[in-house]
Every structure is written in structure tokens, then in C-alpha cells.
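A short write-up of the structure that comes next.
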Ligand code: AGP
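Shown next as C-alpha cells:
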């Protein structure tokens, strides 16, 4: 049972291509997959229906590996085929776990998570199905094969199968004994149809087929689509005629890959509601207890932990700073947060009762990797929070909590950060649950608020106009400061980092309480200063920040205040007021960071910079 999240889950990480026509399917499917490479992936595969059989090749790694495998062992000619680039969620990136998945006469490719794959797999194995992978997706292949073997046509078989699946999925299937039909179904995961001249395409996004046709049909929620050589038929899961939206793609390829956004980074900022929802998906068992994937550390061992050290770099380090407040408050375990490149050189005090938590979007950051190797030499347990299934860091850790942000293409991390926060909160709650520091209802209360986050983030994104205007006003500023207290301090640091790495503007984040110990000397007339104001209700935290705003305003600063809607006291001191939703203190970073991401992205755009590839930066720093 997963957490029903308000925004609904939306998986858009794997690449899917299907073709039915009179040309060589293999060429078209492979070129379509190459158009989807930008999405990031860790394996690729293709299946054809030829001469009454399913012929397929699939390989871990880049599409070039797949092409090489096909050159070594050619596929037969066929005019119907499906292909897939996988971004692993369940099961490491291996040849066997790659798609397509084949069950006798059926081949499928899948994008999403089948939450109830475990009971379905057990049922199928009990009935004699032989699985060849550790993926959730393969379940769908066997279910379809069982249905068509029972006499159902592929469309009816698909309807039967999807009625049993829970989670987010796009499923595309072909049947060796029905080589004139491709059938697909979608729920919370994208799928578009390309309508050519006597040929039809299916894809995760139009980039895969716009070189062949720009006439497309967007599929809606819970729909089944059937492609035959005579045309396209779309129904609901129940078989009733369905409404679809035909459109003409006027984007060029690059824009298509960015789904209309100007930058991958902006697209990824706007993907955060879904990324957060997907990271929350499937974290509860049927008893309402938190379960974390691949936690291979026993509750007994976790109960013996007497110190936590979080180790990370850059944005991930700032997520760790937020995590410290939540973990210490919820578990009462001392929690240190270390810059990975400093960690092992300070001769840290680590022992078997220390839990080291590494946070890394890429899972390949050398500084972080070297830090956990050092920690493991000291016999500490290591949990990785990572967005890349099967990366080096999770592989070298004792346990992992995967975020489900999907590939993050922009060098500047955005959805990586917010989903890291979610994973940190989940870890803190899990530790509190295991150590009996929080009752189930207390944990459920925090999870309930986390479930609201996708829609709260969406609300901020829907009201970005004031941020864009502010970016226009401040785009030439030489220096901008960021202040925050408590969990607002890491938000200030992350906001400053975004501006530094994107707009190349000097920006610095400070703990608001530190102002009077030096930084206030920086305050000059009209110096822009962002201030993150905590929600009310927690000691004098908020009142002190309000005083800090008054102090800098009195010295001429231009104050941009981020505070809860209705906080008129804060608004009084604001030259610009950015309204945040009413969120509890520890979770506020999930929303407070969004305006700062938007601001940095817009300022950089206005300054004419390459937002996705900022100068001097790499997406994954694999050198120390
Ligand atoms: C984020 O905007 C930066 N590009 C950078 O600080 C990044 O967060 C850091 O290099 C860590 O990367 P990782 O999460 O992949 O380990």
C-alpha cells in the first residue's frame, strides 16, 4: 500500500518507443530511443514481433551497447517493435533487469512503479511463471501472457491486467501471434501517439518520433490505446470510448526534450511536485508503518546507534543540514553534518555505533564516496540517500533510500534537493519509529503534512510571476545576501549557491543570528537581502528573525522576505514579500527553497547564461 499523495504520482523517467507501420521497426525504434537519451538512463532494449516469435536484445549501459549487441547477433526484419531506455527504480541496472520483459509470446516495456508487484509475483510464481529479473515490471509481462494464453485478445488482456495493478505505469505490449497490433495503457505516466502516413508511433514524449510525424494524440489518465495498421483506437480501462486530444507538435527537437521549457533546470523545478510525490510513494506497509527500500540494517542495529554523521557536498550537504534539525528533534540522536571533502581529513570519531548517512543525487561524487569508504573502514554503518539506482555510492553502502526525482539533467540541483529533503525526513521518522521515539500517529501526522507538499509546491509554481519580476529588478546586482535561522539557514545557503552557480553573482548565506557578529558590516544602501522567516509558534525563533530584518532595513538593505501567508509583522519590513504556505517549521524548507530556485534560474536566464551547463561546473564531480 502506498501513500496516497495529493498531487498523484507521475513517473516520467524511462524512455518508451513503439512503432507499427511498413518500414523497418528496428531502425525507427533505435533512433527514437536515441532521441530520448537526454532523459538519462542506465540500460536499453528493443523487441520485435517477427515470424510468430518475439525477438529481443537488451543491454545495461548506453544505447551503443545495445546497438553493438544487435550487430553481433542481428535481429530479423520486422515492421512492429517496441523499445525502452531504463532509469532503474526497482532492481539494479543489469542486462536481465533491462526492458523489454518477455513472457513467451508477449513483450512489454514499462515506465513507472507497480506498487503491488510482490503479491502478484508470488501468485504468478506459484502458477509456474519463471521470472528472469528482479523488477516490478516483469510481473506485467507474465500477467499479459497468462491472459492471452487463456484466449483473451491483447486489448482485453491489457484491460484485465491494468485493473489489477496499483501505482504509476505506462505499459506497452506486443504479441508475437498478433503482429499487427500494439497495445498500451497509461496511469500517472506519460504516453503520446504519433500518427504518420500509414504508420503509428508510441513514445514517452514526442521527441522520439517528431522526425517522422508532428501529428500526435495525447493520452489521458487510465486509458488503453490500440494501434493497428488501420488506425488508433483509445478506450478507458473499462473499454468505453475515451476522449483524446490531438495536437500538432510545433516544437523543435531540443524544445521537445525539454517539453517546452527553455531549460532542463526550469523543467526540473516544475517537476518537483511529482518528484516529491513519487519519492513518498510506497513508503507505508499495510499496517501503516514506514518501510524504506533496501534498508539492510536491522532495527536492533539501528537502536544501538549513538551518533549520526551526515556526509555530502554542495546542495546535498545543505539538505543534510536541514536533516540534522529534524533527525535530532525526532530521534534525540546526536547528528553531525560534514562536508565530505573535509570529513576524512579531520580524523573523525567513528565507531560501529555511528551511523553515517551520505546524500548524493548522482551517487558518484568522489568526495562523498571516499568519505564513506573511510567510515566503513571504521566499521560504521552507512545509509545512502541517492537518486541514481545502482550508482557507486549506494552500492558501497549498507543500505539506501532512493529518491524518485527521475534523471536530473540540469547541473544545478533542484528536484534533487527537495527529494533529498523528503528522504531525510523519511529516514528521521523511520529511526524514530524503530527506536520508539514516536508513536505511529505522530509519524502519520508528519507524513500527512508531507503528502500536502506536492500541492503546496505546485501553488508556489503557479504563482511565480512576482519572482520573475524580482529577477528582472535585481538581475544586475553585484552581490545578494541570504539569511535564515534554524532550518531556514540551510535554505539561505542553498539559495545563495543557486545564484552563485547560475548567475555568477556573489551571494552568501548567513545564520540570521550571526549578522551582528560581523556580516552586518556588509549591509549597504539597497543591498538586496533575502530573509527566510520561520513559521510562528516555535519559541521566539520567528520574532528574532523579524528583528534581524528590521536591523538590516534600518541600515538601508532592500529586504525580500519569505514568510507565511498572513504574517503581517514580517510583511511590514519587506520591500518584497514572498508568500509561503503555512507549513510546520521543520518541513518549511520544502517550500521556502522553491522561490529561490525560480529566482536564480530567471536571473541567470536574463543574464544570458547557459542555465543547464553553468561555466566551470560538472553535473557529477567524480574527482576529489
Ligand atoms: C548543486 O546545484 C551543485 N551542482 C553541486 O553542489 C552538487 O549538489 C554536489 O556536487 C553534490 O552532487 P551529488 O548530489 O551528485 O553528490
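Residue numbers (this note's numbering): 54 to 677.
Ideal Cβ positions, reconstructed from N, Cα and C, are used throughout, including at glycine.
These numbers come from a predicted model, not from an experiment.
Taking residue 638 as the reference, give the member of 407, 502, 388 with the closest Cα.
502
Cβ separation of residue 484 and residue 642, assumed to be a contact under 8 Å, to the nearest whole Å
Wrong, their Cβ atoms sit about 19 Å apart, outside the cutoff.
Cβ shell of residue 194 (< 6 Å), same chain only, five flanking positions each side left out:
154, 156, 159, 161
Is any heavy atom in ligand 1 found nearer than 7 Å to the beta carbon of residue 424?
no
For residue 539, count neighbouring Cβ atoms within 10 angstroms of its own Cβ and tell me buried if that reaches 16, exposed if not.
buried
In this structure, what does DSSP give as the bridge partners for residue 109?
100
Just list the residues that DSSP pairs residue 561 with in beta bridges.
534
Could you tell me which residues DSSP puts in a beta bridge with residue 481?
Residue 481 pairs with nothing; no bridge assigned.
Does the beta-carbon of residue 368, which I'm using as the reference point, lie nearer than 7 Å to any heavy atom of ligand 1?
yes
Quick check on the burial criterion: 16 or more other C-beta atoms within 10 angstroms. Buried or exposed for residue 336?
buried
Beta strand (DSSP E) segment containing residue 276, residue limits:
276 to 281
Helix, strand or coil for residue 153, going by three-state DSSP, please let me know.
coil
Using only the heavy atoms of ligand 1, determine whether one of them is closer than 7 Å to the beta carbon of residue 325.
no
Of the residues 382, 405, 380, 373, the one placed nearest residue 391, counting alpha carbons only
373
Count the other CB atoms within 10 Å of the CB of residue 676; is the residue buried (16 or more) or exposed (fewer)?
exposed
For the stretch 125 to 145 and the stretch 96 to 106, state whether three or more C-beta atom pairs, one from each stretch, are separated by less than 8 Å.
yes
Kindly examine ligand 1 and report whether one of its heavy atoms sits closer than 7 Å to the Cβ of residue 414.
yes
Close-in-space but distant-in-sequence residues of the same chain around residue 85 (CB under 7 Å, 5 per side omitted):
70, 136, 256, 261, 262
Which runs of the alpha helix (DSSP H) spanning at least 4 residues fall entirely within the stretch 463 to 517, listed in chain order?
468 to 487, 493 to 515
Examine ligand 1 and report whether any of its heavy atoms sits within less than 7 Å of the Cβ of residue 245.
no
Is the beta carbon of residue 453 sitting closer than 8 Å to the one on residue 436?
yes
Where residue 742 sits in the DSSP three-state scheme:
Because the chain spans 54 through 677 in this model, residue 742 falls outside it and cannot be assessed.
Contacting residues, own chain, Cβ-Cβ under 6 Å from residue 580 (five flanking each side not counted):
610
By a C-beta neighbour count over all protein chains shown, 10 Å radius and 16 as the cutoff for buried, is residue 300 buried or exposed?
exposed
Can you determine whether any heavy atom of ligand 3 sits closer than 7 Å to the C-beta of residue 656, and answer yes or no?
Among the ligands present in this structure, namely ligand 1, ligand 3 is not found.
So does the stretch 660 to 672 actually touch the stretch 453 to 469, counting three or more Cβ pairs closer than 8 Å?
yes
Can you tell me where the beta strand (DSSP E) holding residue 439 begins and where it ends?
434 to 439
Measure the C-alpha to C-alpha separation of residue 351 and residue 404 and round it to an integer number of angstroms.
17 Å
Would you call residue 226 buried or exposed, if buried means 16 or more other Cβ atoms sit within 10 Å of its Cβ?
buried
Take residue 287 and list the residues in its own chain whose beta-carbon comes closer than 6 Å to its own, dropping the five residues that flank it on each side.
276, 278, 295, 297
To the nearest angstrom, how far is it from the Cα of residue 55 to the Cα of residue 482?
Confidence at residue 55 is low in this model, with a pLDDT of 30, below 50, so the placement of that residue should be treated as unreliable; the coordinate-derived value is given next. Rounded to the nearest angstrom, the two C-alpha atoms are 16 Å apart.
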